[in-house]
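Sequences listed follow chains A and B, in order.
Here the numbering used here is used: position 102 in the first sequence is 141, and no number is missing along the way.
Here the numbering used here is used: position 230 in the second sequence is 269, and no number is missing along the way.
A short worksheet on the structure shown next.
Protein chains: 2
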Amino acid sequence: MTIHLAESGDGAVLQPCSHDYQVNCGNCRLNSICLPLALESDDIQLLEDIIQRSKPLQKNQHLYREGDDFQSVYAVRSGTLKAYKTTDDGKEQVTGFYFPGEILGMDGISNNAHASSAKALETAAICEIPFTSLEKLSSLMPSLQRHFFQLMSREITEDQQLITLLSKNSADERVASLMLSISSRYARRKLSATQFRLPMSRVDIGNYLGLTVETVSRVFSRMQKMDILQVDNKEIRILDLPGLQKMANVAG
Amino acid sequence: MTIHLAESGDGAVLQPCSHDYQVNCGNCRLNSICLPLALESDDIQLLEDIIQRSKPLQKNQHLYREGDDFQSVYAVRSGTLKAYKTTDDGKEQVTGFYFPGEILGMDGISNNAHASSAKALETAAICEIPFTSLEKLSSLMPSLQRHFFQLMSREITEDQQLITLLSKNSADERVASLMLSISSRYARRKLSATQFRLPMSRVDIGNYLGLTVETVSRVFSRMQKMDILQVDNKEIRILDLPGLQKMANVAG
DNA sequence: CGACTACATTGATTCACATCAAGGTCGGGA
DNA sequence: TCCCGACCTTGATGTGAATCAATGTAGTCG
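Dropping the structure here:
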C-alpha cells in the first residue's frame with residue numbers, strides 16, 4: 040500500500056473551475072474520437088452544457104478510486120491515465136491505459152461505485168460527464184444513446200481482446216501488440232505512429248500484460264537487437280512495422 | 040476449423056415460433072436475474088411485446104457467429120451457452136459461459152457485427168431481444184435504459200475480473216474461482232450451490248482459463264485428493280466451501 | 001553539485017505449466 | 001451387445017517466464 044504523496048489535500052474531487060480553458064466540444068480537436076456523432080450543432084450545445092471541465096490532474100493524482108461513489112464518466116483531453124484494480128491479496132492489476140479522446144469510468148455504472156481506480160500517469164486534463172445528466176440527454180437524443188451503448192460495447196470487445204492476449208500469447212506477442220495498439224492510438228490523433236513516448240513505466244506495462252518488469256525489459260532488448268524497435272528509455276521508435284506486426288501475431 | 044455437423048440447415052437464424060412456450064417475462068422464474076427492474080406491469084408488457092421466443096437451440100448449434108450482423112441481444116431461458124472468439128491464427132478463445140437468466144450478445148453493438156460466436160453447450164431456450172426495439176423502448180423508459188447500461192457495465196467488470204485472474208493467479212486459483220462462480224450462479228437460481236453438473240468440457244474450461252486440458256484435469260484431481268471437491272466426470276460436489284474459497288484466493 | 005531514490009537492464013537459476021505420450025472411461029449407434 | 005470416437009486422466013519430460021541477484025541510469029531535492 041503506497042501513500043500517494045503527490046496528491047493534494049482535496050484528493051480526487053474535481054472542482055469546477057472558473058477560468059475557461061478555451062475548449063468546447065465543437066472545436067475540440069478530439070471530438071472525432073470522443074464523440075464521432077453526426078450531431079447537430081444545437082445537440083452539441085446540449086451535451087456541452089452538461090460537461091464540466093476542471094483543473095488538470097497532476098501526475099499520480101487519482102481521478103477516482105475503487106469503491107468511490109459513481110457520479111460521472113470522464114473523457115481524457117490531454118495526458119494519459121491508467122485504470123487499475125487492487126486484488127484481495129493486495130496485488131495490483133492494471134486494466135487499461137487511457138489516451139486523449141478516450142472515455143473511462145464506465146465500469147462504475149453497474150454498482151453505482153467505481154470498480155477500479157484511475158490515476159494520472161502525467162499531468163492530464165479531463166472532461167467530466169455527470170452520468171445522470173448523460174442518461175437524461177440520452178433519452179432525448181437517440182444518436183447519443185446509441186453512441187454510448189457503442190462505447191460500452193467497445194470497452195467489452197477490447198477487454199475480450201486483452202483476455203485472449205493474456206490467455207494465448209507469448210511475452211513477445213503481448214508486448215508487440217501493446218506497442219501496435221499505442222501506435223495506432225497516436226496515429227488516430229494525427230501524431231506519429233512510429234515515434235512516440237510511452238507515458239507508463241515498465242512495471243505498468245508488465246502489470247497490464249501479465250508479465251514481470253524483467254520480462255518486459257528483455258522483450259524490448261530483443262526487439263531492439265532485431266532492429267524492430269529503437270528503445271531509449273520511454274522513447275520508442277518503430278523501425279520495422281511489418282516486423283512488429285508479425286511479432287504481435289494478432290490483428291490488434 | 041471444425042465443421043458443426045450438429046447444426047441444422049437454417050443455421051443460426053431463429054424463426055419466431057407459432058406455438059407458445061407458456062412463458063412471459065411477468066411469470067418467468069428468472070426475471071429477478073434477467074431484469075431486476077421495479078417495472079410497472081404495463082412496462083413489462085411493453086418489453087414483452089418486443090421479445091421473441093423461438094424454438095430451442097440444440098447442442099452445438101450456434102446462436103450467432105463472429106461477424107454476423109448484429110440485430111439482437113439474447114437472454115438464456117434454459118441450457119447453457121459459451122461465447123468464443125477465433126484468433127487470426129485459428130486458435131479459439133472462450134470468453135464466457137452463459138447460464139439461465141444471463142444476457143449475451145452485447146459485444147456486437149459497437150460495430151454492428153458480433154465480435155464473438157455463441158454456441159449451445161446443451162439444448163437451450165433463448166429469448167431474443169431486437170436491439171433497435173430495445174433502444175426505442177429505453178428512450179421511453181429511463182429504468183430500462185439504466186438497467187441496460189448496468190448490464191453492459193457488469194459485463195465490463197466481469198471481463199476485468201477475468202483479466203486479473205488470467206494475469207495474476209495460478210492454475211489452482213483459476214479453477215477454484217470458476218467453480219465458485221458457477222456455484223453462485225446456481226445458487227442465484229435457487230439451485231444447489233454445492234452440487235451441480237458442469238455443462239462444459241474440460242477443454243472449454245481450460246480454454247476459458249488460459250490452461251491446457253491436462254492442467255485442468257490435474258487441478259481437479261488435486262482438489263479431490265484434498266477433499267475440497269468430489270468430481271465424477273461433469274458432476275461436481277463441493278465438500279469444503281471455505282477450503283475452495285481459500286484455494287481461489289479471490290473474492291469472486 | 002552530488003547523493004538519494006525510483007526505474008530499468010542483464011544474468012543465473014528455478015518452477016509452474018505446457019507438451020508429449022499412453023491408457024482409461026463414457027455414451028451413442030449399428 | 002459390442003464398437004467407435006470423444007473426452008478425461010495420469011505420468012514423464014521440456015520450456016518460457018518468474019524469481020533472485022546485481023548493476024546501471026535518470027530524475028529530484030537538499
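Ideal Cβ placement from N, Cα and C applies to all residues, glycine included.
Remember, it's a predicted structure, so these values are computed and weren't measured experimentally.
CB contact check: residue i to chain B, cutoff 8 Å
i	result
Lys-121 of chain A	no
Met-40 of chain A	The predicted model places Met-40 of chain A with a pLDDT of 33, which falls under 50 and marks its position as unreliable; any figure quoted below should be read in that light. No, its Cβ sits nowhere closer than 8 Å to a Cβ of chain B.
Pro-169 of chain A	no
Asp-127 of chain A	yes
Glu-174 of chain A	yes
Ser-260 of chain A	no
Gln-100 of chain A	no
Lys-124 of chain A	yes
Asp-146 of chain A	yes
Ser-189 of chain A	Here residue 189 of chain A is Gln; the residue named in the question, Ser, does not match the sequence. Yes - at least one Cβ of chain B is within 8 Å of the one on Gln-189 of chain A.
Arg-276 of chain A	no
Rounded distance between the beta-carbons of residue j and residue i, thought under 8 Å
i	j	result
Asp-198 of chain B	Ile-195 of chain A	6 Å
Gln-269 of chain B	Leu-278 of chain B	6 Å
Leu-120 of chain A	Leu-85 of chain A	In fact, because the Cβ distance is near 27 Å, the residues do not count as touching under 8 Å.
Tyr-113 of chain A	Ile-168 of chain A	7 Å
Ala-287 of chain B	Leu-219 of chain B	5 Å
Ile-90 of chain B	Cys-64 of chain B	7 Å
Leu-69 of chain B	Pro-139 of chain B	6 Å
Buried or exposed by the 16-neighbour rule on C-beta atoms within 10 Å, applied to residue i
i	result
Ser-47 of chain B	Unreliable positioning characterises Ser-47 of chain B in this predicted model, as indicated by a pLDDT of 37, which lies under 50. The coordinate reading is nonetheless provided below. It counts as exposed.
Arg-92 of chain A	buried
Glu-274 of chain A	exposed
Lys-98 of chain B	exposed
Ser-216 of chain A	buried
Gly-245 of chain B	buried
Asn-272 of chain A	exposed
Val-242 of chain A	exposed
Asn-208 of chain B	buried
Ala-226 of chain A	exposed
Pro-281 of chain A	exposed
Thr-134 of chain B	buried
Asp-146 of chain B	buried
Arg-116 of chain A	buried
Arg-276 of chain A	exposed
Leu-237 of chain A	buried
Ile-129 of chain A	Reading off the sequence, residue 129 of chain A comes out as Gly, not Ile. That one is exposed.
Leu-179 of chain A	exposed
Interface residues of chain B facing residue i [CB-CB closer than 9 Å]
i	result
Ser-155 of chain A	Thr-196, Gln-199
Closer than 8 Å to chain A by CB, residue i
i	result
Arg-185 of chain B	yes
Met-239 of chain B	no
Leu-205 of chain B	yes
Asp-107 of chain B	no
Gln-269 of chain B	no
Gln-110 of chain B	no
Gln-84 of chain B	no
Val-52 of chain B	Any reading at Val-52 of chain B needs caution, since the residue's pLDDT is 42, under 50, leaving its predicted position unreliable; the model's value is listed next. No - not a single Cβ of chain A is within 8 Å of the one on Val-52 of chain B.
Proximal residues of chain A, C-beta to C-beta of residue i below 7 Å
i	result
Pro-281 of chain B	Simply none; closest approach about 15 Å.
Ser-178 of chain B	Ser-178, Pro-181, Gln-184
Arg-193 of chain B	Ser-149
Cross-chain neighbours of residue i in chain A, by beta carbon under 8 Å
i	result
Phe-138 of chain B	Going along chain A, no residue has its Cβ under 8 Å from Phe-138 of chain B, so there is no contact; the nearest lies around 18 Å.
Gln-284 of chain B	Those do not exist, as Gln-284 of chain B stays about 10 Å from chain A at its closest Cβ, beyond 8 Å.
Asn-288 of chain B	Asp-127, Asp-128
Interface partners of residue i on chain A, CB under 9 Å
i	result
Arg-104 of chain B	Neighbours of Arg-104 of chain B on chain A: none; closest Cβ ~15 Å, over 9 Å.
Residue i: contacting residues in chain B (beta-carbon distance under 8 Å)
i	result
Thr-134 of chain A	Gln-199, Ile-202, Thr-203
Just by C-beta distance, which residues in the stretch 214 to 240 of chain A are closer than 7 Å to chain B?
none
Taking Cβ-Cβ distances below 9 Å as the criterion, which residues of the stretch 239 to 256 of chain A are in contact with chain B?
Asn-246, Tyr-247, Leu-248, Gly-249, Leu-250
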